[in-house]
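One line per chain: the protein sequences are G, D and E, in this order. 321 is the number that the numbering used here gives the last residue of the first sequence; the numbers go up by one with no jumps. 921 is the number that the numbering used here gives the last residue of the second sequence; the numbers go up by one with no jumps. 1480 is the number that the numbering used here gives the last residue of the third sequence; the numbers go up by one with no jumps. Where a beta carbon is used, it is the ideal one built from N, C-alpha and C, also for glycine. First comes the structure, then the notes that go with it.
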Amino acid sequence: MNKMSSLGISTVIATVGMVVFLVVGFVAGYYISMGQPSGSSQAFPEDSAWRSASIKLSGSTTVLPIGNGSAIAFMNKYNATTVTVSGGGTGVGYSNILDKQVDIGMASREPKQTEIENAKSKGVALWLYPIALDGVCVVVNPSVANTSFPLNLTLQEIGKIYAGMYTYWDEVKTGLPHQQIFTVVREPGSGTRGTFEEFTMTPWKYNVTTAANTRQSNPEVKTTVENTQYSIGYVGFGFHVSPNLHTVAVAKDNLSQYIIPSTSNIASRTYPMSRYLYFVTGSRSISGSLTARFIDFVLSPEGQQIVESTGFLKLPETP
Amino acid sequence: MGRKNGETLIFVSLGVPTAICLAAFAWIAGSLFTGIGTLNPALLTTSVLQGGYFEMIMGTIYLLLGAAAIAGPIGLFASIYLVEYARPGKITAIIDQSINNLAGVPSIVIGLFGYTFFSKQLGLGVSLAAGWLTLTLMMLPIVIRGSEESLRMVPGAFKEAALALGATKWKAVSSTSVSGAAPGIVTSVILGMARVAGETAAIIAVSCVLITRGLPKSPLEPVMALSYNLFVRIIALGESAQEVFGIALILFAIVTSFAIFGIVLRTYYRRKQPWLR
Amino acid sequence: MKDEPITLLLFICASFSIIILFLMLVFVAREGTLALSQFGPNFLIGQTWDTNANLYGALPLIYGSIMVVAGALAFAIPLGVGTAIFVSEVLPFSVRDIVKSIIELLASVPSVIYGFIGMIMLVPAVAYLFGLNSGATALTASILLSIMSVPTIVGVSGEVISAVPKEYKEAALGLGATKWQTIKHVVLPISKSGILASVMLGLGRAIGETIAVLMVVGNVARIPTPFWNLLAPVYPITSVIAIQMAEAAVGSLEYSALFGLGLVLFIITFLVNTLADVVVKGKVGRREVSAWVGKMARR
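Structure representation (structure tokens):
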């Protein structure tokens, strides 16, 4: 009997131990995350509320690296603030703002009509803050084209490829290989996809072919096109440069110049598929709040440096 | 003699699948170890805000411990019922079948349910608590079945003796069978934790965020977890293979050490229980 | 009597599984009603899954799941059973535990990692071996899934084979049978149902695996031409839910369609599990199956 009750006791000890561990962990978590507020809070006490506040961001996977990087830098600079970031896609970003679940939504496109209407009916005012410049770049595998035989396409031709109206590369332009086109798309809620389709498909009411291959993010599309012969895909500007990719020069229509995306082309909006990346709020940010300060941070030189380091473009200097 | 040679051939060809399995393991282990260059002990205690992995590791452990704290007692009581109280019949058969069915539900469906029920219906949102409840669903069958097995192995004689001395059924069962099965029960909880540690699909929507400051201060806050972080890093952040494998190695180490600990515990206590021989 | 409240508590805990399963059915179905009522049977047999056009016909997705799982089993069964026989009967005692533990460790690798390794190594390998444009195919997913299911099959089959009483084997050997004849005519027939059970458990594992599969399977919502072409990309149900769930606006038709898919998956696995248990229980016995479920429960 004694032996058995000692075994029973050890079980009880184990369970109690786990609960104690959890409680200690929570308390420790509380104290670890409460750093000493930095800066001049003594000098301007009314300025200090934001220094221990907390905000949430969610949304676009394209903007996610910017959100992640700037959150880390911001939290390290102001060590009692909390900036929580998660992904989900541009669609989720907008719907979370509409449901007031987050303070800032990350978006790689402007709101759709349905989102604008939802906002109106919920009494939410969507404020879009451009935080970076980006270009949606069309890339193909080197088996299709390369620097010696570059590929130029108009927006409508790209649209036709994605609509499945061309199934072989030589239908698009003579001289291209007689091989089936392998189209790579992003998932339906992707802002990058939204922007891409807005330029290449919506004007002509094309629909994306169901034969398209779905990938979940810029890195995945890049890897897929790099490794798949006769493939075509679209990625954000930070992802198009690679020895295993050829970037397509895009023209607005066949009377315009074919433009290769570059920092200056995108900044001057000459490249047809330039776009802004946005932080979206559901009301005008209260000046001095953590939300406003975080957005200011991302717009500051330090924040724009982070934007560049993740492969996107700084906002152009206002003339 | 000719038969013997034919037999050797058969045995050799049976070795091929085994060799393939071992090769697969070597391939995976080798890939994981390419990440070891990016790891150093400091990373384990440094905050993610300084490039470390501390909160992610703690987040995973929080999720596991909480789920165990819920699944443990419920599973234990369920198994006690099944072994000691259940009478053979339709209801018991259905209960039994349900446990097996619950074990078979795909993780993504559990994630969907967790999201719509725990996060939305019960209003827990994206939180540690929602994660606990969702992971409990996955741990429960393992805990129940493991505890069941341990309980059945305790000789009934002890319980009979207690009953003969006048104890109520519950007192008899709890002080004899349960005490005797305790190590096995603890082991099944630990093995359950090992199984859900690497779980990603179920917890994506119900409990995890990519980055935040510090550890959750209450169960209603979201948590950073190794598996979720791995997934986002691969999919959305496009990090290098070595970094990814480094984090994966940490997760693998946690899972394996839980599993080994559980098995060692079971073997150790088996030796202390002579009636199991 | 004094024991009543305790007995009730225990009963409730035991019934938890039933309650949970019931809740799952109700809540998943509830969210799926919008899409299901809008499309009716077309949801299952419609061939077009197009989110932008708000058309939700899940046939290619269901087919994708079936294809990947069938392929996985085709690889996993010979791999798993062969290994189980070899390890339990042919290998000397000393080596046996080590090899078993190594194979068990395969199960501890997080599925994200399986997916990642598959993505960066298996996909290009398949493309190279078969001269394809892209290696993200049903075949790739099947190979990956089979490696993930093997520990389940090896574990349970191995146990079953080891559990064959020594006396039977000694009797056969004593009568002059060779080792292989003993295995073939004594050990295997006795273990048959247990091996079947292990395959069923592995099947359950394969149907539900999400993360690893979605990274290598190609994600194209079309039935391949010809329909048995494993070297084409497909879009299993689990991949669709995982990829589009994060994007769907709560309450939208897309959201509802994904829950509809979840319901379909839930019902399929429920049926497979129940069938498996019924088939196997008859031969092996309830207790053994339950014990294996506990040890080898899936993620």
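Listed along the chain, the chain D residues whose CB falls inside 7 Å of the CB of Lys1360(E) are Glu651. A check of alpha carbon separations from Val1421(E) across Gly1441(E), Thr1406(E) and Pro1405(E) identifies Gly1441(E) as the nearest.
Not flagged as an interface residue toward chain D: Ile1342(E), since no C-beta distance is shorter than 8 Å.
Note that the C-beta distance between Leu707(D) and Ser771(D) is not below 8 Å. Rounded to the nearest whole angstrom, the C-alpha separation of Arg217(G) and Thr194(G) is 12 Å.
Shown here, Leu658(D) sits in a helix according to DSSP, grouped into three states.
The shortest C-alpha to C-alpha distance from Gly166(G) to any of Ala134(G), Ile133(G), Gly69(G) and Ile234(G) is the one to Ile234(G).
Neighbours of Glu222(G) in chain D, taken as residues at a C-beta separation under 7 Å, are given in chain order as Ile879. Taking the beta carbon of Pro866(D) as reference, the chain G residues within 8 Å of it are Thr86 and Ser88, listed in sequence order. Around the beta-carbon of Lys803(D), 16 or more other beta-carbon atoms lie within 10 Å, marking it buried. Excluding residues up to 5 positions away in sequence, Thr194 and Arg195 lie with their Cβ nearer than 6 Å to the Cβ of Arg188(G) in the same chain. In the three-state scheme derived from DSSP, where H, G and I count as helix and E and B as strand, Ala1234(E) is classed as coil. Contact of Asn209(G) with chain E by beta-carbon distance below 9 Å involves Asp1231, Asn1233 and Ala1234. When DSSP reads this structure, Asn154(G) sits in a beta bridge with Ala251(G).
By the rule that beta-carbons nearer than 8 Å mark a contact, Cys665(D) touches chain E.
In this structure, the beta-carbon distance from Leu658(D) to Gly1263(E) falls below 8 Å. The beta carbon of Thr86(G) sits closer than 6 Å to the beta carbons of Lys58 from its chain, once the five residues preceding and following it are set aside; these are given in chain order.
For Trp1409(E), the three-state secondary structure derived from DSSP is coil. Residues of chain D with a Cβ closer than 7 Å to the Cβ of Ala73(G) are, in chain order, Ile855. With 16 or more other Cβ atoms inside 10 Å of its own Cβ, Asp136(G) counts as buried. Asn229(G) sits in a helix when the DSSP states are folded into three classes. Taking 4 residues as the shortest admissible run, the segment 683-764 of chain D contains the following complete alpha helix (DSSP H) segments, listed from N- to C-terminal end: 685-689, 698-724, 734-748 and 751-757. Taking a C-beta distance under 8 Å as the contact criterion, Val1250(E) and Phe1447(E) do not qualify as a contact pair. For Thr63(G), the chain D residues whose C-beta falls within less than 8 Å of its own C-beta are Ile879 and Ala880, listed in chain order.
DSSP lists Val187(G) as the bridge partner or partners of Thr216(G). With a threshold of 8 Å between beta carbons, Leu709(D) makes contact with chain G. Residue pairing by DSSP puts Asp136(G) in a beta bridge opposite Arg277(G).
Separation of His248(G) and Gly240(G) (C-alpha to C-alpha, rounded to the nearest whole angstrom) is 14 Å. Within the segment 1338-1364 of chain E, the complete alpha helix (DSSP H) runs of at least 4 residues fall at 1347-1355 and 1360-1363. Residues of the same chain with a CB within less than 6 Å of the CB of Leu768(D), apart from the 5 flanking positions on each side, are Phe762 and Ala774 in chain order. If you compare the alpha carbons of Thr116(G), Thr225(G), Leu66(G) and Glu119(G) with that of Val142(G), the shortest gap goes to Thr225(G). A distance below 7 Å between beta-carbons, with the five flanking residues on each side excluded, links Asn1223(E) to the following residues of its chain, in chain order: Gly1238.
Under DSSP, Met108(G) takes part in a beta bridge, and its partners are Gly61(G) and Phe281(G). Each residue's CA atom was taken as its position, placing Ala715(D) and Leu155(G) some 59 Å apart. Ile1200(E) counts as exposed, since fewer than 16 other C-beta atoms from the protein chains shown sit within 10 angstroms of its C-beta. Taking a C-beta distance under 8 Å as the contact criterion, Leu835(D) and Gly790(D) qualify as a contact pair.
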